[in-house]
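> Structure in structure tokens, see below.
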Amino acid sequence: MNKFHLVFTKITGFIPARIFFKWKVYYEPGAEKGKKLPKGSILMSNHRSIWDFILYLMVFFRTTVRFQVAEVIYEKNAFIAWVLKSFGSIRVNRFDFDFSFIEESEKILKDGERVGIFPEGQLPRGGKMSRFTPSCALIALRSGADIIPVYTDGNYGLFKRTHLIIGRKISLRQFCGTEDLSKEILRSCNDHLLGRILELEAELKRQMERKKR
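Structure follows, in structure tokens:
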């Protein structure tokens, strides 16, 4: 990771991003307010667009988040691959049965840094959220890292406004009550994470409706 490139990009890109996204941040009741993520935590979000990565880069301006990024993005061209490497992104080779990204993510978390994960592993099809892959739950259980759930409506565009909501932190070890990594436990934890994102989606809609009244 090249911290100079990351800081330079954030400083020079903040105003253009603010104009493009015009983001509005909401908080779930009981969530810790503020846009600096705890050390050694996971930012977990739904995945609406390739813009999600840029949005969180700017919303969490004071925090460095190292996002897991699919190999297809790295392979678009050499410049994008260089930018992602400069930002400390974690390459995920989804179809090669290469699980080194899990160990890399765990090491980053144990070093006190933050990891960003889109558990759907792909962009939505037909506008519907995809089922979560178990990697986020697995990494959280193995590392003991708390998860900060975030939901965005993905309303991106120059004449639009993006809305996102930050939820209460999740401790999967506390939820599961065990460090067992059986398939049943992972499935239960995975369903819990998906459920929390769906709750945030509903809560965002409620809060936005109240704003209109």
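When you number the sequence shown by my numbering, it's gap-free, plus one each residue, and the end is 1263.
Using N, Cα and C, we set each Cβ at its ideal position, and we do this for glycine too.
Assign residue 1196 to buried or exposed, taking buried as 16 or more other Cβ atoms, counted over all protein chains shown, within 10 Å of its Cβ.
Your numbering for residue 1196 matches position 146 in the sequence shown. Buried is the call here.
> Sorted by chain position, which residues of the same chain lie with C-beta nearer than 8 Å to residue 1136's C-beta, five sequence neighbours on each side aside?
Along the sequence shown, one-based indexing puts residue 1136 at 86. Contacts found: 1051, 1052, 1055, 1056.
> To the nearest angstrom, how far is it from the Cα of residue 1132 to the Cα of residue 1177?
Here residue 1132 corresponds to residue number 82 of the sequence shown, with the count starting at 1. Here residue 1177 corresponds to residue number 127 of the sequence shown, with the count starting at 1. Going from the Cα of residue 1132 to the Cα of residue 1177 covers about 30 Å.
> From residue 1084 to residue 1093, what distance separates their C-alpha atoms?
Along the sequence shown, read from residue 1 onward, the residue named residue 1084 stands at position 34. Along the sequence shown, read from residue 1 onward, the residue named residue 1093 stands at position 43. The straight-line gap from Cα to Cα measures roughly 14 Å.
> I'd like the list of long-range same chain contacts for residue 1162, defined as Cβ closer than 8 Å, with 5 residues on each side in sequence excluded.
Locating residue 1162 in the sequence shown gives position 112, counting from the first residue. So the list reads 1089, 1090, once near-sequence residues are dropped.
> For residue 1250, collect the residues of the same chain with a Cβ closer than 7 Å to its Cβ; drop the 5 residues on either side in sequence, then sort them by chain order.
Indexing the sequence shown from 1 puts residue 1250 at position 200. Cβ within range, chain order: 1078, 1199, 1201, 1215, 1217.
> Please state the DSSP three-state secondary structure of residue 1166.
For this step, residue 1166 is matched to residue 116 along the sequence shown. Of the three classes helix, strand and coil, the one that applies to residue 1166 here is strand, per DSSP.
> Find the nearest neighbour of residue 1096 within the set 1230, 1066, 1247, judged by alpha-carbon distance.
Here residue 1096 is taken as the residue at index 46 of the sequence shown, counted from 1. Per the Cα distances, 1247.
> What first and last residue would you give for the beta strand (DSSP E) that runs through residue 1141?
Taking the sequence shown and counting its residues from 1, the one referred to as residue 1141 is at position 91. Unbroken beta strand (DSSP E) run through residue 1141: 1140-1142.
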